[in-house]
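Shown next, in structure tokens, is the structure this report addresses.
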């Protein structure tokens, strides 16, 4: 393997920990302006500094990423069908290596549809892409097990798909996580990166990340589970804490909630108020209503009121103390 190719691989998979966090934003090449990816520039900008590399198409790169962008690019070079077409597996190479060089990419990526109608076409295209890319020291990432036609993504099938891609010369393989994923890793001689897949709850996506790395994957290429999250920046930081940190899934989810302001939201103090005391009022007060306080209030004391107070309503408080209120006829918690 030439120095240049090794150097580019090191930009994608960190030599420090042999881990990779790739942000996938290439969905538009077949999905169009999918939810939360309508404005690419707006989506990418706050997330860029938290990933190791960006998987993107050349059109999106040229229009939506500033040239001073510091993160390496993995350029998708395959396409040819859309989500409304008959067969997503009918892809071909759509970008030349020369154009990839002009864009200063760190790797190129294409999909391989093992077991589909167009299996032969995509596998042969992978081999041809490797031939040309290696002439210029550019790594190739093969994306396997994609497409609506692909059936069960179990360890047997994924092992076949990943090994086939590696045998054709792919330097990295991207695939899905599955039960007994260790078997997939063991059978593939090149690094495996896990696809994030469709949007799932944040806690589940973080567990997927942790379990995949524990089973031997070197990283994740996550898109929808980051930028379709309620808080994309918090989510990518949580994923990063697993990929390049020591957090497990639960710790990462706690971090996500902290960064999102969701941790103990119902009881989160918005004031230092701890006690309310109402006493000795000589007034015509007839009603007290205290409701939905987001505070650490623990005590209310109402005593010795010389008034015709007839109703007190207090909700969402931890402790209530009421004394000597003979006229109170309605008390609701």
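Residue numbers (this note's numbering): 302 to 634. Using N, Cα and C, we set each Cβ at its ideal position, and we do this for glycine too.
- In the structure shown, residue 540 falls within a helical segment according to DSSP collapsed to helix, strand and coil.
- Partner residues in a beta bridge of residue 417, as assigned by DSSP, do not exist.
- As for any beta strand (DSSP E) of minimum length 3 sitting wholly inside the region 484-523, the runs are 493-496, 520-523, ordered along the chain.
- With distances taken between CA atoms, residue 465 lies nearest to 425 out of 425, 542, 551.
- For residue 347, same chain residues with a beta-carbon under 6 Å away, outside a window of 5 residues either side, are 534 in chain order.
- At a Cβ-Cβ threshold of 7 Å, residue 470 and residue 305 do not count as neighbours.
- Counting C-beta pairs with one atom in each stretch, the region 310-318 and the region 501-510 have fewer than three that are closer than 8 Å, which means they do not touch.
- Inter-segment contact for the region 520-538 and the region 482-491 is absent: fewer than three beta-carbon pairs are separated by less than 8 Å.
- Within the model, the alpha-carbon separation for residue 477 versus residue 308 is close to 26 Å.
- Close CB contacts of residue 420 within its chain, under the 7 Å cut and outside five residues either way in sequence, are with 414 (chain order).
- If you draw a straight line from the Cα of residue 395 to the Cα of residue 564, it comes to about 46 Å.
- In terms of CA proximity to residue 364, 343 leads the group 382, 350, 547, 343.
- Judged by DSSP secondary structure, residue 550 falls within the alpha helix (DSSP H) whose first and last residues are 550-561.
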